[in-house]
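In my numbering, the protein residues as written are 42 to 151. Backbone N, C-alpha and C fix where the C-beta goes; we use that ideal spot for every residue, glycine too. Single-structure report; data block below.
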């Protein structure tokens with residue numbers, strides 16, 4: 042019989058954990074490839090009524106991806122960000138973005 046009659050709940054042992062909300066690791070490739078080995082493609086999304094142009098997947102180090110974004114933003118005169126292994130740009134600029142990336146020797150899927 043229990044010592045306290047008004048005690049409720051379960052008896053948890055040391056090998057039981059209540060932390061079941063751990064998110065599984067996302068499988069982001071850490072492989073770094075040369076620009077000629079990339080097979081990029083475009084995607085468009087509409088967020089808050091505005092078009093976002095997405096280019097993915099990049100296989101570069103985080104610092105190299107940030108540097109690439111900085112140069113492209115200056116050349117195109119638009120805003121953008123790095124998320125995981127992709128670049129997101131404000132506006133519908135897929136054509137000009139493609140020519141700039143091709144001049145930097147990146148390749149695209151047909």
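Between which residues of its own chain and residue i is the CB-CB distance below 8 Å, once the five residues before and five after are set aside?
i	result
residue 121	110, 113, 114, 128, 129, 130 and 131
residue 99	79, 81, 106, 109, 126, 127 and 128
residue 141	113, 116 and 117
residue 119	130, 131, 132 and 134
Suppose contacts are defined by Cβ-Cβ distances below 8 Å. Is residue i in contact with residue j by that definition?
i	j	result
residue 95	residue 102	no
residue 134	residue 117	yes
residue 150	residue 126	no
Please report the distance separating the alpha-carbon of residue i from that of residue j.
i	j	result
residue 72	residue 81	15 Å
residue 88	residue 139	22 Å
residue 143	residue 86	22 Å
residue 123	residue 104	10 Å
residue 147	residue 90	30 Å
residue 145	residue 77	9 Å
Below 6 Å CB to CB, which residues in the same chain sit around residue i once its five sequence neighbours on both sides are set aside?
i	result
residue 93	86 and 129
residue 74	100
Going by beta carbon distance, what residues of the same chain come within less than 7 Å of residue i, once the five residues before and after it are set aside?
i	result
residue 155	Nothing about residue 155 can be reported from this structure: the residues present for the chain run from 42 to 151 only.
Worksheet item: If you scan the region 67–146 from start to end, which runs of the beta strand (DSSP E) of 3 or more residues do you find wholly inside it?
Response: With a minimum length of 3 residues, the continuous beta strand (DSSP E) runs that stay inside the region 67–146 are 82–88, 91–97, 121–124 and 127–131.
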